Amino acid sequence: MEKPFVTIENVSKIFQTRNRSSIAALKDINMQFGKGGFVSIVGPSGCGKSTIIRMIDDIIKPTAGAITVDGFTYDNNVPISKERVQKMGFIFQAPNLYPWFTVKQNVMLPLKIYGKHSQEYDEVADRLLDSVNMLGYADAYPAEISGGMSQRIGVIRGMVHEPEILMMDEPYGALDESTREQLNMELLKIWKDTGMTIIFITHNVEEAVLLSERVYVMESHPGRIVAEINIEFDQPRTLGLLTEEKFGRYCMEIENLIGKIDLSKVK
Ligand SMILES: Nc1ncnc2c1ncn2[C@@H]1O[C@H](COP(=O)(O)OP(=O)(O)OP(=O)(O)O)[C@@H](O)[C@H]1O
Ligand SMILES: [Mg+2]
């Protein structure tokens, strides 16, 4: 395997709570993400998925272990530089649009924060707006658009500064199935066009299988990786895969792994 772009090495995270008890959120996590790859993370609520990507962004510090991105290693003592953070994009479950900015101003916010003003980025913003059928709403305010539309704006805002690494944390929260599918196909196209490295968190196993080249399956208490599954389908992926037998087998394999996790929790 060629040298990974993002490596998580022996990372553990213990959170101290207010009543002084501690939560072992993650234990001995090892992950690798190749440059330009598309990898998903699935697992039950609370297994530490969001914590992992917040550590890649260096918002949360690991208690033990280290993270390496593009050859630079950071950990509990060594922080990541601002320049490197700018190469990352985040898409959260809640779109968190600012009500006093228009749709387009919201999309362009990362450019403003990172000081990237240019005609070129303005065009990127328009192209992304167009890709999610929102160009006609560029000058509308968040209060004037639907919840699903806000979600779409949240998704494209995470990629407007053309990050090298895009981390998506259950980005489609309240979206209906068909909009999700449409956005996923758009995402695959953007992924192919840009060569971005995508780390995708989802509860939806079918979505993980459809989109990714590899899926990490996690378990909770403490959060750890229980399986790593290569999804061997040709590119480009299409919605037609959903009806293939092999697709169903992958989904079942992952669902069984997650099912086992739930059973052991009950015990
Ligand atoms: N800032 C924090 N302080 C204390 N505990 C935290 C903090 N952030 C997360 N945790 C705990 O760490 C564990 C993992 O949380 P995390 O948000 O990473 O889970 P998740 O897999 O993203 O869950 P979900 O699927 O519900 O989003 C949980 O037990 C959570 O309560
Ligand atoms: Mg989460």
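In my numbering, the protein residues as written are 2 to 268.
We put the CB at the ideal spot given by N, CA and C, even for glycine.
Quick caveat: nothing in here was measured; it's all calculated off a predicted structure.
Report the rounded CA-to-CA distance for residue i versus residue j, giving the unit in angstroms.
i      : j      : result
ASN185 : LEU212 : 7 Å
HIS134 : ASN20  : Position check: residue 134 holds Asn in this sequence, whereas His was assumed. Approximately 48 Å, taken between the alpha carbons.
SER119 : PRO111 : 13 Å
VAL79  : ILE202 : 26 Å
ALA25  : MET150 : 37 Å
ALA65  : ILE9   : 11 Å
LYS268 : PRO223 : Only weak support exists for where LYS268 lies, its pLDDT of 45 falling under 50; the value from the coordinates is given anyway. Cα to Cα, the separation comes out at about 16 Å.
SER347 : LYS62  : The structure shown does not extend to residue 347, since the chain is modelled only from 2 to 268, so the question has no answer here.
LEU242 : GLN17  : 44 Å
VAL7   : LEU188 : 20 Å
TYR142 : CYS48  : 36 Å
GLY37  : TRP101 : 35 Å
SER147 : ILE154 : 11 Å
LEU176 : PRO96  : 12 Å
In three-state DSSP terms, what is residue i?
i      : result
GLY331 : The shown model of the chain, from 2 to 268, leaves out residue 331, and the question about it has no answer.
VAL40  : strand
VAL7   : strand
TYR75  : strand
LYS83  : helix
GLU245 : coil
VAL279 : The chain is shown only over 2 to 268; residue 279 falls outside these bounds and no answer can be derived.
GLN33  : strand
ASN97  : coil
ILE157 : helix
ILE226 : strand
Report the partner residues of residue i according to the DSSP bridge assignment.
i      : result
ALA144 : Beta-bridge pairing links ALA144 to no other residue.
GLN17  : SER23
ILE92  : MET169
VAL231 : Reading off the sequence, residue 231 comes out as Asn, not Val. Answer is ARG215.
ALA65  : SER13
Around the C-beta of residue i, are 16 or more other C-beta atoms found within 10 angstroms, so that it is buried, or is it exposed?
i      : result
LYS113 : exposed
TYR173 : buried
THR198 : buried
TYR99  : exposed
MET56  : buried
LEU240 : exposed
* To do: Would you mind listing the beta strand (DSSP E) stretches within the segment 159 to 224 that are 3+ residues and don't spill past its ends, in chain order?
  => The segment 159 to 224 contains these whole beta strand (DSSP E) runs: 166 to 170, 198 to 202, 215 to 220.
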